[in-house]
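Student: Once you've had a glance at the structure underneath, I'll fire off some questions.
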Amino acid sequence: MATAVLAGTVVAAAPASASTPQQPPSPIVCWSTNYHWCDMLESKDANAEMDVFWGNDGHEYVDSILNTNHYGQNLWILTWTGSGWDWLGIPATTSIGNGWYTAQDNSRSDAGKTIKIAVFNWTTNTYMYSNAH
Numbered sequence: 003m004a005t006a007v008l009a010g011t012v013v014a015a016a017p018a019s020a021s022t023p024q025q026p027p028s029p030i031v032c033w034s035t036n037y038h039w040c041d042m043l044e045s046k047d048a049n050a051e052m053d054v055f056w057g058n059d060g061h062e063y064v065d066s067i068l069n070t071n072h073y074g075q076n077l078w079i080l081t082w083t084g085s086g087w088d089w090l091g092i093p094a095t096t097s098i099g100n101g102w103y104t105a106q107d108n109s110r111s112d113a114g115k116t117i118k119i120a121v122f123n124w125t126t127n128t129y130m131y132s133n134a135h
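In the working numbering, each residue carries its 1-based index in the sequence shown increased by 2.
This is the structure in structure tokens:
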């Protein structure tokens, strides 16, 4: 089975949780001192984390991971363009056992842009959004 990466720009009206970017303090305690800002999304059948660290070049970079029991579910990386959010989907296709799959996006440069993650919540049929950083 082929693995696809989806990308596109969303400029139309979005849910309030996907609107204007903000820079809040870290919502959760990071699991490693390598990270200085972290956030997590959780539901009964998916969990995702976004972890931000400083690169050697002085820019921030983002590591993101999704664990889900829905094969092919996307970890969405949202990047603020100034007029809307670019959505990049990374499908969870790597088995981690017991019917769970993972998707990872490592060392994504923020390039001075605001980033957040989104994951579909199968229980509520809505998207969960991390805080933007």
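Note that CB positions come from ideal geometry on N, CA and C, so glycine has one too.
Given that a residue counts as buried once 16 or more other Cβ atoms are within 10 Å of its Cβ, and exposed if not, what is Glu51?
Tutor: buried
Student: Would you call Val31 buried or exposed, if buried means 16 or more other Cβ atoms sit within 10 Å of its Cβ?
Tutor: Burial check for Val31: the Cβ neighbour count within 10 Å stays below 16, so the residue is exposed.
Student: Helix, strand or coil for Asp107 per DSSP?
Tutor: strand
Student: Rank Asp65, Ala120, Asn71, Met42 by C-alpha distance to the C-alpha of Ala48 and give the top, closest one.
Tutor: Asn71
Student: Return the CA-CA distance between Ala94 and Ser28, expressed in angstroms with no decimal places.
Tutor: 26 Å
Student: So, at 7 Å on beta carbons, what are the nonlocal neighbours of Ser97 in its own chain, with the 5 sequence-adjacent residues on each side left out?
Tutor: Tyr103
Student: DSSP on Asn69, reduced to helix/strand/coil?
Tutor: strand
Student: In this structure, does DSSP put Val31 in helix, strand or coil?
Tutor: It is coil, neither helix nor strand.
Student: When the Cα atoms are used, what is the spatial distance from Trp56 to Ala105?
Tutor: 22 Å
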